[in-house]
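Comments concern the structure below.
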Amino acid sequence: MAFQCQRDCYMQEFATSVVSCCPGELKLETNGKKEKVKGFNVTLKDTILFPEGGGQPDDRGTIGDVPVLRVTRQGPEAVHFVESALEVGAEVQLKVDWERRFDHMQQHSGQHLVTALADTMFGYKTTSWELGRQRSIIELDTATVKPGEMEALERAVNEKIRNHVPVTVQLLSLDDPAVEKVRSRGLPDDHAGPIRIIEIEGVDANMCCGTHVSNLSHLQVIKILGTEKGKKNKTNLIFLAGNRVLKYAEKSYSIERSLTSLLKTGADDHVEAVDKLQKSVKVLQKNNLNLLRDMAVLIAQNFKSNPNKGNLFCLHRKDGDNEFMNIVANEVGTEDTVVFLTVGEEKGAGLFLLAGPVGIVDELGPRVLELLEGKGAGKNGRFQGKANRMGWRAEVEALLREHSRLRSSEEE
10 MAFQCQRDCY MQEFATSVVS CCPGELKLET NGKKEKVKGF NVTLKDTILF
60 PEGGGQPDDR GTIGDVPVLR VTRQGPEAVH FVESALEVGA EVQLKVDWER
110 RFDHMQQHSG QHLVTALADT MFGYKTTSWE LGRQRSIIEL DTATVKPGEM
160 EALERAVNEK IRNHVPVTVQ LLSLDDPAVE KVRSRGLPDD HAGPIRIIEI
210 EGVDANMCCG THVSNLSHLQ VIKILGTEKG KKNKTNLIFL AGNRVLKYAE
260 KSYSIERSLT SLLKTGADDH VEAVDKLQKS VKVLQKNNLN LLRDMAVLIA
310 QNFKSNPNKG NLFCLHRKDG DNEFMNIVAN EVGTEDTVVF LTVGEEKGAG
360 LFLLAGPVGI VDELGPRVLE LLEGKGAGKN GRFQGKANRM GWRAEVEALL
410 REHSRLRSSE EE
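Here our numbering is used: the first residue of the sequence shown is 10, the next is one more, and so on.
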C-alpha cells in the first residue's frame, strides 16, 4: 500500500485511528551504547510517519502526545514503536518531526537528481547510497572519476534546481508496461500493493518508496563535497543538499573565525600557519624526547651512586613514555634491583613498568596489575602496561618495599 506520507510528503499533521497495539522491544543507541527498551508496537489505519526504506531513515514524531521512537515496515503495514500503550480503535492525531522529514526529502530527491545526471553525463551508474546524519554518499560503479567531472556534475544539478523542474509521483500496478521503463534496483521480497514511481520531469523516472520534494527548487542547492575511493572498483561521491549546505557553511565560517582568532592570521593563511605550527611541534617533541632520555640516564646514575640505594627503585613522572621508563630501567640495571616506574596523571590513567629479577617480576607483576586496575603482560623480567588507577601507586610501593625487606632479611 501507499501510506499518507507517500501520497502527500508535505503533510505535517494527520488524524487516524489505532488498529493494533502489542508489547514489543526495541534496541536503541544512547551515547554509543545499545540498550533494549520495552514498549509497544502500534499499527494505525494510515500514517504520515515514513517507515525506513529505499535508503531513507524512518521519521520521528508523535501519536497524540506519545513520542514515536522508530517506524518500520512489515509487509503492507507501518509499525510505530512507542513506550506507552495506545487504545485500539482510538482516534489519534499524528505529528511528524518536520525538520527531520524535510531534510530527508531534500537529501533523497537530491540523490535521485545526482544519480540520474551522473549516469546521463558520464555513464556512472549508482550501485547504492547512504543518507547519513551529516552528509550523504552515493556509490558510483566506477573505479575513478576524471578531473573536472564532479564540478560539471554540480553545475548541472544546480541548473536543474534553478529551472524549477517538477517532481511527480505515480502509482502503477506491477503488470503495467510502464514499470519496465523506469530505473530500479528491484523490489523487496515482502512488497505489497502498487509500484511507486518518482519522476523528475525530463530527467529521471525511478522506482522508490521514499518521501520527496514536489519541485527541484525545494532542494535549494546541492554541494558535491568530493569523492573518495570506495569498495572494489567503486567511487563514493559525497554530497549535501538544501538546509545541510546552509548549516555546513555556517559551521565552516564559525571554524574559520575561531582559527583566525587562534592563529592570528587571515583565512587564506590558515593552512600555512597550521603547517608551521606542526613543524614547530615536531621540533619541540624531538627536543623534549632528547631531554627525557638525558634525564632518564641522570636519574639512574643518581640512584646507582647512592651508597644506601638498596634493591628497590620507585619513580613517578607526569611526563614520560614507555621509552623513558625502559631507559631508566636499563641504566639502573635489573639483575639485582626491582624497578617500579609510572608515568601519567597522579590519580588518573597512565603507564607502568615493573622490572627486576625474573622470579620476583613473575610473582609480583599480576598483583601490581590488579592494584593499578591495569592491562599488561610480563616477559623476561619485565611487566608493563596501562594503569587506570594511578592513585594506588603507594600501595604498590608498600608491597614492593615489604617484599624487598623480606628479601634482604633472607639474604643476611
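Virtual Cβ for every residue (Gly too), placed ideally from N, Cα, C.
Residues Q13, I57, L103 of the same chain have their beta carbon placed closer than 7 Å to that of F23, with the five preceding and five following residues left out of the count. Shown here, F322 sits in a strand according to DSSP, grouped into three states. Burial check for A214: the Cβ neighbour count within 10 Å reaches 16 or more, so the residue is buried. A check of alpha carbon separations from E382 across R402, A364, G41, D371 identifies R402 as the nearest. Beta-bridge partners assigned by DSSP to L53: V27.
Sequence-distant Cβ neighbours of K295 in its own chain, meaning closer than 7 Å and more than five residues away, do not exist here. Taking each of L180, P316, P32 in turn and checking the Cα distance to L95, the smallest one comes out for P32.
With distances taken between CA atoms, V80 lies nearest to F49 out of A99, E108, F49, D74.
Contact between R376 and L408 holds, with the beta-carbon distance rounding to 7 Å and staying under 8 Å.
A direct Cα-to-Cα measurement between M20 and R144 gives close to 25 Å.
When only Cα atoms are considered, C30 and Q179 end up about 32 Å apart. Fewer than three pairs of CB atoms, one per stretch, sit closer than 8 Å, so the region 166-178 makes no contact with the region 236-244. Exposure of T39 is indicated by the presence of fewer than 16 other C-beta atoms within 10 angstroms of its C-beta. Annotated as distal: L378 and G368, with beta-carbon spacing of 8 Å or more. Contact check between the region 165-172 and the region 141-157: fewer than three CB pairs, one atom from each, fall below 8 Å, which does not count as touching. Burial is judged here by how many other beta carbons sit within 10 angstroms of a residue's own beta carbon; T220 has at least 16 and is buried. Restricting attention to V75, D55, S413, the CA atom closest to the CA of R16 is found in D55.
Cβ atoms of V341 and V352 stay farther apart than 8 Å, at about 16 Å.
Distance from the CA atom of A305 to the CA atom of I336, rounded to whole angstroms, is 6 Å. In this structure, M159 sits away from T52, with a CB-CB distance that is not shorter than 8 Å. In the three-state reduction of the DSSP assignment, M20 falls in the coil class. Each residue's CA atom was taken as its position, placing V97 and S26 some 8 Å apart. Note on geometry: alpha-carbon atoms of N297 and D303 lie some 10 Å from one another. Cβ contact annotation for G365 (same chain, cutoff 7 Å, sequence separation greater than five): T343, T346, V347, V348, G390, in chain order.
For the region 227-282, the full-length alpha helix (DSSP H) segments reaching 4 residues or more read 252-272 along the chain. Boundaries of the beta strand (DSSP E) around R82: 79-83. L271 counts as exposed, since fewer than 16 other beta carbons sit within 10 angstroms of its beta carbon.
When the Cα atoms are used, L360 and L307 turn out to be separated by approximately 21 Å. Contact check for R253 and D112: beta-carbon distance about 7 Å, within the 8 Å limit, so the pair qualifies. For K313, the three-state secondary structure derived from DSSP is helix.
Comparing alpha carbon positions, the residue from S93, G385, G62, P76 closest to R82 is G62.
In terms of CA proximity to K134, A152 leads the group I204, G141, R109, A152. Excluding sequence positions up to five before and after G400, its CB lies within less than 6 Å of the CB of K356, all in the same chain and listed in chain order. According to the DSSP assignment, Q115 belongs to no beta strand (DSSP E) but to the alpha helix (DSSP H) extending over 107-131. Residues L35, L37, V46, G48, R69, F90, V91, E92 of the same chain have their beta carbon placed closer than 8 Å to that of L78, with the five preceding and five following residues left out of the count. Each residue's CA atom was taken as its position, placing K238 and H227 some 31 Å apart.
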